[in-house]
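Visitor: Handing you this structure, nothing more for now.
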Amino acid sequence: MTDQDCIFCKIIAGDIPSAKVYEDEHVYAFLDISQVTKGHTLIIPKDHVKDIFELPEETAANLYRAVPGVAKALNKAFEPNGLNVLNNNKKPAGQSVFHYHLHLLPRYGKEDGFQ
Ligand code: 5GP
Ligand code: ZN
1 MTDQDCIFCK IIAGDIPSAK VYEDEHVYAF LDISQVTKGH TLIIPKDHVK
51 DIFELPEETA ANLYRAVPGV AKALNKAFEP NGLNVLNNNK KPAGQSVFHY
101 HLHLLPRYGK EDGFQ
């Protein structure tokens, strides 16, 4: 289940290069091209699903199962002081890539510009 016009499907297929953080049968995680904070990572299901309103429970379960491990890997690699998990659904909510994804944002404190 891929969408040939979707950049995240192309990243999963390896047609667009990405900095891989984690991969399993169901999930791919990679550094966001625009690093809002150091280590900003996107975690996506391998199935093309537009947003949370189309996300099957099984796909959600497979995706979220991987989240704690990716968060721990980011903690180890970047040593932040905190971490946000964020998700935008549909354009008015800030979604710009219409393949469901979670943002994992390591947080460092004042210096990351968000306090
Ligand atoms: P959204 O705004 O949909 O929640 O987030 C989409 C994210 O995808 C943005 O943070 C944007 O920087 C990231 N992004 C868009 N195109 C690419 C790409 O080709 N490679 C990577 N690694 N990230 C991308
Ligand atoms: Zn896709």
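Counted from 1, the sequence shown has number 24 at position 24 by UniProt numbering; the numbering is strictly sequential.
In this text, a Cβ means the ideal position worked out from N, Cα and C, and glycines have one as well.
Roughly how far, in whole angstroms, is the beta-carbon of Leu74 from the beta-carbon of Leu102, given that I think they are within contact range, below 8 Å?
Guide: As a first step, residue 74 is located in the sequence shown; it is residue number 74 there, counting from the start. As a first step, residue 102 is located in the sequence shown; it is residue number 102 there, counting from the start. Contact doesn't hold; Cβ gap of about 12 Å is too wide.
Visitor: Kindly list the residues whose CB is nearer than 7 Å to the CB of Val70, restricted to its own chain and excluding five residues on each side of it in sequence; keep chain order.
Guide: For the purposes of this step, residue 70 is identified with residue 70 of the sequence shown, where counting begins at 1. Correct list, in chain order: Val21, Tyr22, Ala29, Thr41, Ile43, Leu104.
Visitor: Just how far apart, CA to CA, sit Ile7 and Ile16?
Guide: For the purposes of this step, residue 7 is taken as residue 7 along the sequence shown, with counting starting at 1. For the purposes of this step, residue 16 is taken as residue 16 along the sequence shown, with counting starting at 1. Each residue's alpha carbon lies about 8 Å from the other.
Visitor: Who are the near neighbours of Arg107 in its chain, counting only those whose CB is closer than 8 Å to its CB and skipping five residues on each side?
Guide: For the purposes of this step, residue 107 is taken as the residue at position 107 of the sequence shown. Within the same chain, Arg107 has close Cβ partners Thr37, Pro80, Asn81, Gly82, Leu83, Asn84, Phe114.
Visitor: To which residues does DSSP link Gly82 through a beta bridge?
Guide: Looking up residue 82 in the sequence shown gives position 82. Answer by DSSP bridge pairing, in chain order: Arg107.
Visitor: For Gln4, is the beta carbon positioned less than 8 Å from some heavy atom of the ligand 5GP?
Guide: For this step, residue 4 is matched to residue 4 along the sequence shown. Gln4: no, Cβ never under 8 Å from the ligand 5GP.
Visitor: Buried or exposed for Asp47, please, with buried defined as at least 16 other CB atoms from any protein chain shown within 10 angstroms of its CB.
Guide: Start at 1 with the first residue of the sequence shown, and residue 47 comes out as number 47. Flag for Asp47 reads buried.
Visitor: In three-state terms, what does DSSP make of Ala11?
Guide: Here residue 11 is taken as the residue at index 11 of the sequence shown, counted from 1. In the sequence as displayed, the identity of residue 11 is Ile instead of Ala. Note: Ile11 maps to helix in three-state DSSP.
Visitor: Candidates Gln35, Leu31, Tyr64: which alpha carbon is nearest Asp112's?
Guide: Counting from 1 along the sequence shown, the entry for residue 112 is found at position 112. Measuring from the Cα of Asp112, the nearest candidate turns out to be Gln35.
Visitor: What did DSSP end up calling Val70 once you bin it into helix, strand or coil?
Guide: Residue mapping note: residue 70 aligns to position 70 of the sequence shown, counting from 1. Of the three classes helix, strand and coil, the one that applies to Val70 here is helix, per DSSP.
Visitor: Using only the heavy atoms of the ligand ZN, determine whether one of them is closer than 8 Å to the beta carbon of Phe8.
Guide: Start at 1 with the first residue of the sequence shown, and residue 8 comes out as number 8. Yes, since a heavy atom of the ligand ZN falls inside the 8 Å radius drawn around the Cβ of Phe8.
Visitor: Exposed or buried, what is Pro92 when buried is set at 16 or more other beta-carbons lying within 10 Å of its beta-carbon?
Guide: Position 92 of the sequence shown holds residue 92. Under this definition Pro92 is an exposed residue.
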